[in-house]
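Notes follow once the structure below has been shown.
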Amino acid sequence: QTALSEIMQAFALRPTASQSTNLPFLLHGVTGSGKTEIYIRAAREAIRRGKQAIILVPEIALTPQTVRRFLARFPGQVGLAHSKLSDGERYDTWRRARLGLLKIIIGPRSALFAPLPNIGLLVADECHDSSYYQSEPPFYHAVNAAMEYARICGAVCVLGSATPSIVLRQQAQVGERIRLLELPKRISESGLPPVHIIDMREELKSGNRAIFSRALNEALADVLAKNQQAILFLNRRGTATYVFCRECGAVLKCPRCDTPLTLHTELPNHPTTQLLCHRCAYDRHMPKKCPTCGSDQIRQYGLGSEKVEAEVKALFPDARTLRWDWETTRQKDAHEIILSHFAAQRADVLIGTQMLAKGLDLPLVTLVGIVLADVGLNLPDPFAAERTFNLLTQVAGRAGRSALGGQVILQTFQPEHYSIQAAARHDTPAFYLQELEYRKQLGNPPFSRLVRLEYRHFESAKAEAEARAMAEKIHHWLEAEHRTQTTVIGPVPCFFAKLGGLYRWQIVIRGPEPESLLRGKTLGDWRVEVNPI
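Quick note, this note's numbering runs 803 ahead of the 1-based positions in the sequence shown.
Below, the structure is given as structure tokens:
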């Protein structure tokens, strides 16, 4: 009620002709705290005032519950806008929106451009999600675009998340351009579920080499005995993460992307075991001999969602499993079908990748097992800890959303890592403080801004030469303008130096306003991203 009354007051403010006096709201609410209800009531207020609302969700297929709840409250007034619609459906929505016949548009980042005549409310749900960023030209972040659009329209803007980005949270904390609203508790009496950290190093020492710890095994057996449901999360697809030769150590890689191929045992349209590149979809059969040395000692290593499913079937033959990852959701409406099957209790265990972290409300889920929390933690990415914390917190929030209560079992080889410790305690402030301290030491956002320049070419030497020449130019520009606080990282090959046959080099400029250095300069074939994610 407190959060809602502030938003209602913002509707009452009369914006000036040139710009809105309203600041955007950051609605920081734990999972299950009623954020969707606030969006619905705010939308009702916008409609009451003769205006329309745009509700952005990270991916339309992964947020059917949000869509369903809006349709139930506003029958006949809601339009969906997303890339899976046919041309006819998209045109029909566009036409009705333009005529003002639709009061609410729901969709991913493209829904922001629906031609509504009089926008009164813009909402970005799960505003931390990386899907809001368009990583191909034209680069833009839909959350930033929504804030700017709301300012131009004089509309109310609400950004909601259980784990808002560090940059947004910091801006709201210091009252800079954003107002903070907090929902620290769940609506349900049971509160947030307890999280048990299992140190997989100890499991190995005690002789357990299986994917599941003893605790997760027992918890799964208990849930199945009580006819309740469990979610198992692992942010990796496939059966094995990479395939290599035990004789010479050669790893089988994609010829176009130079990334390790992933083993899949049951790909659609491929009855046999296949090796697949998750970047460009190159595939090949599993070789009988090593292409490098001719040895037959080819082995698979690592694990993915397919292997987790196989393990559950082996341990609990009667358990009904569903897998929810990129491979199982290629067909139209596949997301909706899998979710409705699970919600209707036609399956006991749902196994999946990061799709599971997107705002699902499943009351019968009393156990969430995080098979390996460390996935992604050690990537060469300055924001890896924040991504891991967000993902673990969101996935943990799927448990105990009803009176049945619930628990989370988090398996890890790095139990002491601050992001894993904070996620286990549901302690967002502690994580933010620690992460902010590290960002300050390194001079990363929110204490600076970043600009990333990337060059791509079919020839490795040409890509490198261009990158070195551009870095030299940037250093000259910095000297000429006496920019002592701006630093240059690189030139270096990108993480995944080769993608789709193109070699990629990058330069990162970090400082108070690095984008102003490039204004008016001729940059040729360079791709430029301001504040990349």
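C-beta atoms are modelled at their ideal positions from N, C-alpha and C, and glycine is treated no differently.
Exercise for the section: Quick one: grab the DSSP three-state call for W1280. Expected result: What you label residue 1280 is simply residue 477 of the sequence shown in a count that begins at 1. If DSSP states are grouped into helix, strand and coil, W1280 belongs with the helices.
Problem - As assigned by DSSP and simplified to three states, the class of Q822 - result: The sequence position of residue 822 within the sequence shown is 19, counting from 1. For Q822, the pLDDT reaches just 47, beneath the cut-off of 50, and the residue's location in the model is therefore unreliable, leaving the point undetermined.
Handout entry: beta strand (DSSP E) segment containing V1198, residue limits
Key = Looking up residue 1198 in the sequence shown gives position 395. First-last for V1198: A1187 to A1199, but that is the alpha helix (DSSP H), not the beta strand (DSSP E).
Exercise for the section: Check whether the stretch 1297–1310 touches the stretch 1248–1259, taking contact to mean three or more Cβ pairs, one atom from each stretch, closer than 8 Å. Expected result: yes
Problem - Cut-off 6 Å between Cβ atoms - residues of its own chain near Q1237, not counting five sequence neighbours on either side - result: Taking the first residue of the sequence shown as 1, we reach residue 1237 at position 434. Closer than 6 Å at Cβ, skipping near neighbours: Y1221.
Handout entry: C-beta contact flag for F828 and L984 at 8 Å
Key = As a first step, residue 828 is located in the sequence shown; it is residue number 25 there, counting from the start. As a first step, residue 984 is located in the sequence shown; it is residue number 181 there, counting from the start. Yes, these two residues count as a Cβ contact at 8 Å.
Exercise for the section: Please report how far the alpha carbon of Q804 lies from the alpha carbon of I990, in whole angstroms. Expected result: Here residue 804 refers to the residue found at position 1 of the sequence shown. Here residue 990 refers to the residue found at position 187 of the sequence shown. In a straight line, the C-alpha of Q804 is about 12 Å away from that of I990.
Practice task
Tell me where the beta strand (DSSP E) around D1002 begins and ends.
Solution key: For the purposes of this step, residue 1002 is identified with residue 199 of the sequence shown, where counting begins at 1. That run of the beta strand (DSSP E) goes V998 to D1002.
Practice task
Flag this pair as yes or no: are the beta carbons of E1332 and F942 separated by less than 8 Å?
Solution key: The residue you call residue 1332 lines up with position 529 of the sequence shown. The residue you call residue 942 lines up with position 139 of the sequence shown. Yes. Within cutoff.
Problem - Anticipated Cβ contact below 8 Å, L1037 with S1108, distance rounded - result: The residue given as residue 1037 occupies position 234 in the sequence shown. The residue given as residue 1108 occupies position 305 in the sequence shown. That pair is a contact at about 6 Å.
Handout entry: G1209 classed as buried or exposed, judged by whether at least 16 other C-beta atoms fall within 10 angstroms
Key = The residue given as residue 1209 occupies position 406 in the sequence shown. Label assigned to G1209: buried.
Practice task
Return the first residue and the last residue of the alpha helix (DSSP H) that P1232 is part of.
Solution key: The residue given as residue 1232 occupies position 429 in the sequence shown. From DSSP, the alpha helix (DSSP H) with P1232 extends over T1231 to L1245.
Exercise for the section: Could you tell me which residues DSSP pairs with D928 in its beta bridges? Expected result: The residue given as residue 928 occupies position 125 in the sequence shown. BP columns for D928 point to G963.
Handout entry: C-beta contact flag for L1023 and F1119 at 8 Å
Key = Position 220 of the sequence shown, counted from the start, is the residue given in the question as residue 1023. Position 316 of the sequence shown, counted from the start, is the residue given in the question as residue 1119. Yes, the Cβ-Cβ distance between L1023 and F1119 is below 8 Å.
Exercise for the section: Given a cut-off of 8 Å, decide if I1000 and T1231 are closer than it, judged by their beta-carbon atoms. Expected result: Within the sequence shown, the letter at position 428 stands for residue 1231. Within the sequence shown, the letter at position 197 stands for residue 1000. Cβ atoms of T1231 and I1000: not closer than 8 Å.
Exercise for the section: Using a threshold of 8 Å, state whether the C-beta atoms of V860 and I1014 are closer than that. Expected result: By one-based count along the sequence shown, residue 860 stands at place 57. By one-based count along the sequence shown, residue 1014 stands at place 211. Result no, Cβ atoms of V860 and I1014 do not sit closer than 8 Å.
Handout entry: Neighbour-count burial assignment, K906, 16 or more Cβ in a 10 Å radius
Key = Locating residue 906 in the sequence shown gives position 103, where the first residue counts as 1. With 16 or more Cβ atoms within 10 Å of its Cβ, K906 is classed as buried.
Problem - Contact between the stretch 868–880 and the stretch 842–857 (3+ Cβ pairs under 8 Å) - result: yes
Handout entry: Which listed residue (P1185, T1191, G1293 and I1312) has its alpha carbon closest to that of Q1244
Key = As a working mapping, residue 1244 is identified with position 441 in the sequence shown. Minimum Cα distance to Q1244 is reached at P1185.
Problem - Three-state secondary structure (DSSP) of K1116 - result: Translated into the one-based positions of the sequence shown, residue 1116 becomes position 313. Three-state result, K1116: helix.
Handout entry: Span of the alpha helix (DSSP H), counted from its first residue to its last, around E840
Key = Translated into the one-based positions of the sequence shown, residue 840 becomes position 37. Here the alpha helix (DSSP H) through E840 covers K838 to R851.
Exercise for the section: Out of A1084, G910 and T1068, point me to the one whose CA is closest to Q1077's CA. Expected result: Within the sequence shown, numbered from 1, the residue matching residue 1077 stands at position 274. That would be T1068, whose Cα lies nearest to the Cα of Q1077.
Practice task
Leaving aside the five residues before and after Q1157 along the sequence, list all residues of the same chain whose C-beta is less than 7 Å from its C-beta, in chain order.
Solution key: Here residue 1157 corresponds to residue number 354 of the sequence shown, with the count starting at 1. Result list for Q1157: N1038 and L1194, in chain order.
Problem - Straight-line Cα distance separating R1012 from S1319 - result: Here residue 1319 refers to the residue found at position 516 of the sequence shown. Here residue 1012 refers to the residue found at position 209 of the sequence shown. If you take the alpha carbons of S1319 and R1012, they lie about 54 Å apart.
Handout entry: Environment of K1110 [buried if 16+ CB atoms lie within 10 Å]
Key = The residue labelled residue 1110 in the question sits at position 307 within the sequence shown. Under this definition K1110 is a buried residue.
Exercise for the section: Helix, strand or coil for R898, going by three-state DSSP, please let me know. Expected result: Residue 898 sits at position 95 when you count from the first residue of the sequence shown. Three-state result, R898: helix.
Exercise for the section: Please report how far the alpha carbon of P1296 lies from the alpha carbon of G903, in whole angstroms. Expected result: The sequence position of residue 1296 within the sequence shown is 493, counting from 1. The sequence position of residue 903 within the sequence shown is 100, counting from 1. Computed Cα separation, rounded: 49 Å.
Problem - P1090 versus L1182 - alpha carbon distance - result: Looking up residue 1090 in the sequence shown gives position 287. Looking up residue 1182 in the sequence shown gives position 379. Whole-angstrom Cα-Cα distance: 29 Å.
Exercise for the section: Note down the Cα distance separating G832 from E1275, rounded to an integer number of angstroms. Expected result: The residue labelled residue 832 in the question sits at position 29 within the sequence shown. The residue labelled residue 1275 in the question sits at position 472 within the sequence shown. So the two alpha carbons sit approximately 46 Å from each other.
Problem - G1203 versus L1027 - alpha carbon distance - result: The residue you call residue 1203 lines up with position 400 of the sequence shown. The residue you call residue 1027 lines up with position 224 of the sequence shown. G1203 and L1027: Cα-Cα distance of roughly 16 Å.
Problem - Host beta strand (DSSP E) of H1088 (start-end) - result: Indexing the sequence shown from 1 puts residue 1088 at position 285. Per DSSP, H1088 belongs to the beta strand (DSSP E) from D1086 to H1088.
Problem - Residues near L1207 by beta carbon distance below 6 Å, same chain, minus five either side - result: Taking the first residue of the sequence shown as position 1, residue 1207 is located at position 404. Correct list, in chain order: T1169.
Exercise for the section: Would you kindly work out how many angstroms separate the C-alpha atoms of L1253 and V1115, rounded to a whole number? Expected result: Counting from one through the sequence shown, the residue named residue 1253 turns up at place 450. Counting from one through the sequence shown, the residue named residue 1115 turns up at place 312. Cα-Cα distance, rounded: 44 Å.
Problem - Endpoints, beta strand (DSSP E) assigned at Y935 - result: For the purposes of this step, residue 935 is identified with residue 132 of the sequence shown, where counting begins at 1. Neither: Y935 is in no beta strand (DSSP E) and is coded neither H nor E.
Practice task
Work out the CA separation of P1063 and A784 for me, nearest whole Å.
Solution key: Summary: the structure shown does not reach residue 784, with the chain confined to residues 804 through 1336, and so no result is reported for it.
Handout entry: Proximity below 8 Å, CB of P1058 to CB of A1199
Key = Within the sequence shown, residue 1058 is the residue found at index 255, counting from 1. Within the sequence shown, residue 1199 is the residue found at index 396, counting from 1. Cβ atoms of P1058 and A1199: not closer than 8 Å.
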